[in-house]
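**Student:** So the protein sequences, as listed, match chains X and Z.
Quick note, the first sequence lines up with residues 2 to 252 if you use this note's numbering.
Quick note, the second sequence lines up with residues 47 to 556 if you use this note's numbering.
Beta carbons are placed, not taken as given, at the ideal position from N, Cα and C, and that holds for glycine.
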Amino acid sequence: MSKPRVGIFGLTSCAGDQLAILNCEDELLDIIGAVDLKSFVMAQSDNEEKEFDVAFVEGAVVTEENEEKLREVREKSAILVAIGTCACWGGIPASANGIERVELYRQVYDTEEDYFKCGRTVLPLKEIVRVDLSVPGCPIEKDQIIAAVGSLLHGVSPVLPTYAVCTECRFKENRCLLVKDDLLCCGPITLAGCGARCPSHGLPCKGCRGPVEEPNAASEFDILKEKGYTRHDLEKAFRTFAYSIEIPERA
Amino acid sequence: MTRALVVPEISRVEGHGRIRVEISDGKVTEVKLGIFEGPRFFEAVARGRRYDEVPEIMCRICAICSAGHKVTSILAVEDALGIQVSRQTELLRELYFLGMMIESHSLHLYFLALPDYLGYTSAIELVPKYADKVQQGLHLKRLGNRIQERISGRPIHGPNAVVGGFGKVPEASELVELKEELKELLPAAEDTVHLFAKLDYPEFTKAFTVFFALRPKDDKFSFFGNGSIACSSGDEIPLERYDVVCDERVLDYSTAKHSYSRGDPFMVGALARVNLFHKGLTPVAASALKKTGWKLPSNNTLHNNLAQAVELVYSVERAIDVIDQLLEIGPVPEKPVKVDPAIFEEGCSSRVKPASGKNAKKPEDGVQTAEKAENKPNEKKVVQGDDPKAPEMNSTEGSKPGAGGSGNAGPKLVDIDGEGYRGIAATEVPRGTLYHDYKFDKNGRLVWANVVTPTAQNAANIERDLRACALNTIHREDDEIKLYLEMVARAYDPCISCSAHLVDLVVKRS
């Protein structure tokens, strides 16, 4: 059997997920040996853009060119994997979705012209094309991307956590920063898989892995509102990495 | 060899670039380096956020120098809000920073630049012939990542470094382990200098270049400054007037006081730092540099790669020293220093106390302030160039809490016309000087931010070098010229994480 043809792509992002792949120093040469790496512009210059058995795509869709590129990659790929929270949920770039583009240009570039042709909503990949597998994280976790590659090489889907960061936090027997310390911790609504990294460092979860399926944002919102946080701060915090998280209008 | 554009050109500050060169009638008629500042609108995304959330967002501007953005952002917040951190925190931040330097420089040197000099298209291709070198590069890169992971919780966008200190201080045993690894790999770092000293650096671009770098404390080589920006021309600019150095708009209304940069591009980064401050290098780095016989200062910008290799040795050596200092202190467990709640109208650093009718209104005030600022499109210019507050701030020069410097002057609050607080910080990240400049309202919410990255500063100089390169190679084949142009751009390590492999070369002849 021939080696699977793999492509690794970046749309609008910090390239952190591609870098996370390059950061698999101990495994990198093995991984590269097991696949036929057709395209990885971050690491090589003679890239072939024909057909892919698996495409890994990082970043949010910010510009028209991003969208074109994504559609093109989708068409050429049997399996498309969204890597990183930008690709899965829109990430930080999408957190400005509530602000008029004209206003953004004025604030950052002192112009009202849509210079970069992104006068549109920033979107995650799944809003534009079919996504076969999502591996979120800001950035992705090394062990999860290795597991994903390993599983895909064997023709199966990897098993990734579906529960919230709170579950992992409990396993670690951390002190609850939300209940005990009244901190704005996004653990209850955020997808696990990071080993509750932030709470384990005594810091509240920022939600960088995006939400769990059907997050109970309303309940967390009420608890924090009760503790004295304002709607303004809570909306900003909940939607830092996933603009689409719904927050109740009441209260 | 044909290089195709693989990823769309438009992206972030460190995003995708494009070189466009036009040659007609044997003359170079147009040279354009398209590096677009990114449409992720970070400065706007961070607006309205509480001060302690800002570094967590800003570090995501870039993955490779995430630690640089994180630390610089924290320093700017602390500068604005008058937070003083412990010596231990300063040292841990420096160690975190050095981890980034080791990771970033080894990634660039071994995986992005080296293939050029040896005539290959990727490090993967180098493996059969140079397996030991590729392994050496991987080991150094892994070392940089391990340091970042230990100190900040993960190699990229580590959460542990926060305003006021660290969520959790690493254990002495972890530091000892890192120190052993650093000592083990110091020879590999030295070998990197020897390896890069042996390469052939064509002089496509040799021309007089102006270099800028933060002046380190006591002129000892460092990535943290003493509060002033040094120029190879001999000028010194106080940090607060960074706009004079790097705001291109300054050139439009330039007066005599910034004549050295008027219309002239300049270079920041490893070569600038090594050119200006190599005399202050640590012993092993100094000795490795001496063995190369390299004559400094150098105006050949390709030498930036060699300078990075020298900095790689410095970073490993300095990291060992920093760990020794940390082990002398303990390290002792400590919680991040809190902001004095009295400086906020709401009276609480991170949240509003129980929502009484009166307090419930406050956040909207915060938003109001932000909106007020948003409605002044020219404010940026005013603040940078003609801010009447600037001279006043200069008087506090020297109190900059550079993580590696003293940073022990009294607390400093810059009250902006009674409306809030402003803070500026700069560090030397892998690709050059990085500035973060923030304004907060009276409740510690960000109302305005300006971030100036090294690649944005270098862009004009890269263009100048590309022109020189095209001129000097004009009689060669197109593909060959493209290769050289790419090499020139790549030598700067433009923080398109993906370096110049994302550079789309269009050579047009008529």
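Using the Cα positions of residue 156 (chain Z) and residue 353 (chain Z), report the straight-line distance between them to the nearest angstrom.
**Tutor:** Residue numbering aside, residue 156 (chain Z) sits at position 110 when the second sequence is read from its first letter. Residue numbering aside, residue 353 (chain Z) sits at position 307 when the second sequence is read from its first letter. When rounded, the distance between both Cα atoms is 14 Å.
**Student:** Excluding sequence positions up to five away, which residues of its chain have a Cβ less than 8 Å from the Cβ of residue 90 (chain X)?
**Tutor:** Reading the first sequence from its first residue, position 89 is the one you call residue 90 (chain X). If we look at residue 90 (chain X) and ignore the five residues flanking it on each side, its Cβ neighbours are 125, 137, 211, 212, 242, 243, 244, 245.
**Student:** Counting only C-beta atoms, is residue 108 (chain Z) closer than 8 Å to chain X at any point?
**Tutor:** Mapped onto the second sequence, residue 108 (chain Z) falls at position 62. Chain X, which has a Cβ nearer than 8 Å to the Cβ of residue 108 (chain Z), makes this yes.
**Student:** Excluding sequence positions up to five away, which residues of its chain have a Cβ less than 6 Å from the Cβ of residue 8 (chain X)?
**Tutor:** Looking up residue 8 (chain X) in the first sequence gives position 7. Taken in chain order, the residues that qualify are 39, 40, 53, 56.
**Student:** Taking a cut of 9 Å between CB atoms, which residues from the region 3-18 of chain X lie near chain Z?
**Tutor:** Correct list: 10, 11, 12, 13, 14, 15, 16, 17, 18.
**Student:** Mind checking whether the beta-carbon of residue 187 (chain Z) lies closer than 7 Å to any heavy atom of the ligand NAP?
**Tutor:** This structure lacks the ligand NAP, and indeed carries no ligand of any kind.
**Student:** If you count every other CB in all the chains shown that lies within 10 Å of the CB of residue 194 (chain X), and 16 or more means buried, which is it?
**Tutor:** On the first sequence, residue 194 (chain X) is found 193 positions in, with the first residue counted as 1. So residue 194 (chain X) counts as buried.
**Student:** Look at the alpha carbon of residue 346 (chain Z) and the alpha carbon of residue 153 (chain X), and state the distance between them as a whole number of angstroms.
**Tutor:** Position 300 of the second sequence, counting from 1, holds the residue named residue 346 (chain Z). Position 152 of the first sequence, counting from 1, holds the residue named residue 153 (chain X). Roughly 47 Å between the two C-alpha positions.
**Student:** Are the C-beta of residue 214 (chain Z) and some C-beta of chain X separated by less than 8 Å?
**Tutor:** What you label residue 214 (chain Z) is simply residue 168 of the second sequence in a count that begins at 1. Interface residue, yes.
**Student:** Find the residues of chain Z that neighbour residue 96 (chain X), judging by a C-beta separation of less than 8 Å, and give them in chain order.
**Tutor:** Reading the first sequence from its first residue, position 95 is the one you call residue 96 (chain X). The contacting residues are 91.
**Student:** Indicate the three-state DSSP secondary structure (helix, strand or coil) for residue 277 (chain Z) in the structure shown.
**Tutor:** As a working mapping, residue 277 (chain Z) is identified with position 231 in the second sequence. DSSP places residue 277 (chain Z) in strand when its eight states are reduced to three.
**Student:** For the beta strand (DSSP E) containing residue 135 (chain X), name the first residue and the last one.
**Tutor:** Counting from one through the first sequence, the residue named residue 135 (chain X) turns up at place 134. Segment 134-136, the beta strand (DSSP E) holding residue 135 (chain X).
**Student:** Taking 6 Å as the limit between beta carbons, can you name the residues of its chain near residue 294 (chain Z), skipping five residues before and five after?
**Tutor:** Here residue 294 (chain Z) is taken as the residue at index 248 of the second sequence, counted from 1. Low confidence applies here, because residue 294 (chain Z) scores a pLDDT of 44, under 50, leaving its location unreliable; read the following figure in that light. Nothing listed; no residue qualifies.
**Student:** Can you check DSSP and say which residues form a bridge with residue 73 (chain Z)?
**Tutor:** Counted from its first residue, the second sequence places residue 73 (chain Z) at position 27. In the DSSP output, where bridge partners are listed per residue, residue 73 (chain Z) has Z:70.
**Student:** Residue 21 (chain X) CB to nearest chain Z CB: under 8 Å?
**Tutor:** Counting from 1 along the first sequence, the entry for residue 21 (chain X) is found at position 20. Interface residue, yes.
**Student:** Measuring straight from C-alpha to C-alpha, what distance separates residue 300 (chain Z) and residue 291 (chain Z)?
**Tutor:** As a position in the second sequence, residue 300 (chain Z) is number 254, starting the count at 1. As a position in the second sequence, residue 291 (chain Z) is number 245, starting the count at 1. For residue 300 (chain Z), the predicted model reports a pLDDT of 23, less than 50, meaning its position is unreliable; a value from the coordinates is still stated below. Cα-Cα distance, rounded: 11 Å.
**Student:** Assign residue 157 (chain X) to buried or exposed, taking buried as 16 or more other Cβ atoms, counted over all protein chains shown, within 10 Å of its Cβ.
**Tutor:** The residue you call residue 157 (chain X) lines up with position 156 of the first sequence. By the neighbour-count rule (16 or more Cβ atoms within 10 Å), residue 157 (chain X) is not buried but exposed.
**Student:** Do residue 239 (chain X) and residue 208 (chain X) have their C-beta atoms within less than 8 Å of each other?
**Tutor:** Taking the first sequence and counting its residues from 1, the one referred to as residue 239 (chain X) is at position 238. Taking the first sequence and counting its residues from 1, the one referred to as residue 208 (chain X) is at position 207. For residue 239 (chain X) and residue 208 (chain X), yes; Cβs fall inside 8 Å.
**Student:** Within 10 angstroms of its Cβ, does residue 164 (chain X) collect 16 or more other Cβ (buried), or is it exposed?
**Tutor:** On the first sequence, residue 164 (chain X) is found 163 positions in, with the first residue counted as 1. The residue is exposed, with fewer than 16 neighbouring Cβ atoms inside 10 Å.
**Student:** So, helix, strand or coil for residue 78 (chain Z), using DSSP?
**Tutor:** Stepping through the second sequence from its first residue, residue 78 (chain Z) is reached at position 32. Three-state result, residue 78 (chain Z): strand.
**Student:** Determine which residues share a DSSP beta bridge with residue 53 (chain X) and list them.
**Tutor:** The residue given as residue 53 (chain X) occupies position 52 in the first sequence. In DSSP, residue 53 (chain X) forms a bridge with X:78.
**Student:** Could you name the residues of chain X that residue 103 (chain Z) contacts, counting a contact when the two beta carbons are closer than 8 Å?
**Tutor:** Here residue 103 (chain Z) refers to the residue found at position 57 when the second sequence is read from its first residue. The contacting residues are 93, 241.
**Student:** Going by other Cβ atoms of all chains shown within 10 Å of its Cβ, with 16 needed for buried, is residue 486 (chain Z) buried or exposed?
**Tutor:** Within the second sequence, numbered from 1, the residue matching residue 486 (chain Z) stands at position 440. Flag for residue 486 (chain Z) reads buried.
**Student:** Which residue's Cα is closest to the Cα of residue 505 (chain Z): Z:160, Z:538, Z:246?
**Tutor:** Walking along the second sequence from the start, residue 505 (chain Z) turns up at place 459. It is Z:538 whose Cα lies nearest to the Cα of residue 505 (chain Z).
**Student:** Given a threshold of 16 other Cβ atoms within 10 Å of its Cβ, counted over all protein chains shown, does residue 106 (chain Z) qualify as buried or as exposed?
**Tutor:** The sequence position of residue 106 (chain Z) within the second sequence is 60, counting from 1. Answer is buried; the Cβ neighbour count reaches 16.
**Student:** Just to confirm my understanding: we take residue 216 (chain Z), look at its own chain, exclude 5 residues before and 5 after, and list those with CB closer than 8 Å. What are they?
**Tutor:** Start at 1 with the first residue of the second sequence, and residue 216 (chain Z) comes out as number 170. 138, 196, 197, 377.
**Student:** Should residue 522 (chain Z) go down as buried or exposed, given a rule of 16 or more other Cβ atoms within 10 Å for buried?
**Tutor:** Here residue 522 (chain Z) refers to the residue found at position 476 of the second sequence. Exposed.
**Student:** Are the region 221-236 of chain Z and the region 248-268 of chain Z touching by the rule of at least three beta carbon pairs closer than 8 Å?
**Tutor:** At 8 Å Cβ cutoff, the stretches do not touch.
**Student:** Residues in its own chain within less than 8 Å of residue 95 (chain Z) by CB, not counting five upstream and five downstream?
**Tutor:** What you label residue 95 (chain Z) is simply residue 49 of the second sequence in a count that begins at 1. 103, 491, 492.
**Student:** Leaving out five residues before and five after residue 218 (chain X) in sequence, what residues of the same chain have Cβ atoms less than 7 Å from its Cβ?
**Tutor:** Working through the first sequence from its first residue, we reach residue 218 (chain X) at position 217. Answer for residue 218 (chain X): 190, 239, 246, 247, 248, listed in chain order.
**Student:** From the beta carbon of residue 187 (chain Z), is the nearest beta carbon of chain X less than 8 Å away?
**Tutor:** Counting from 1 along the second sequence, the entry for residue 187 (chain Z) is found at position 141. Closer than 8 Å: yes.
**Student:** By alpha-carbon positions, which one of X:140, X:201, X:22, X:51 ends up nearest to residue 75 (chain X)?
**Tutor:** The residue labelled residue 75 (chain X) in the question sits at position 74 within the first sequence. Looking at the Cα atoms, X:51 is the closest of the given residues.
**Student:** In angstroms, rounded to a whole number, what distance separates the CA positions of residue 143 (chain X) and residue 262 (chain Z)?
**Tutor:** Indexing the first sequence from 1 puts residue 143 (chain X) at position 142. Indexing the second sequence from 1 puts residue 262 (chain Z) at position 216. Residue 143 (chain X) and residue 262 (chain Z): Cα-Cα distance of roughly 36 Å.
**Student:** What are the partner residues of residue 498 (chain Z), as DSSP defines its beta bridges?
**Tutor:** Position 452 of the second sequence holds residue 498 (chain Z). Z:481, per the DSSP bridge assignment.
**Student:** Would you grab the beta carbon distance between residue 203 (chain X) and residue 214 (chain Z) for me? Rounded to a whole angstrom, and I think it's under 8 Å.
**Tutor:** As a working note, residue 203 (chain X) is residue 202 in the first sequence. As a working note, residue 214 (chain Z) is residue 168 in the second sequence. Between residue 214 (chain Z) and residue 203 (chain X) the Cβ distance is about 5 Å, and since that is below 8 Å, they are a contact.
**Student:** Any idea what DSSP makes of residue 261 (chain Z), helix, strand or coil?
**Tutor:** Walking along the second sequence from the start, residue 261 (chain Z) turns up at place 215. Reduced to three states, the DSSP call for residue 261 (chain Z) is strand.
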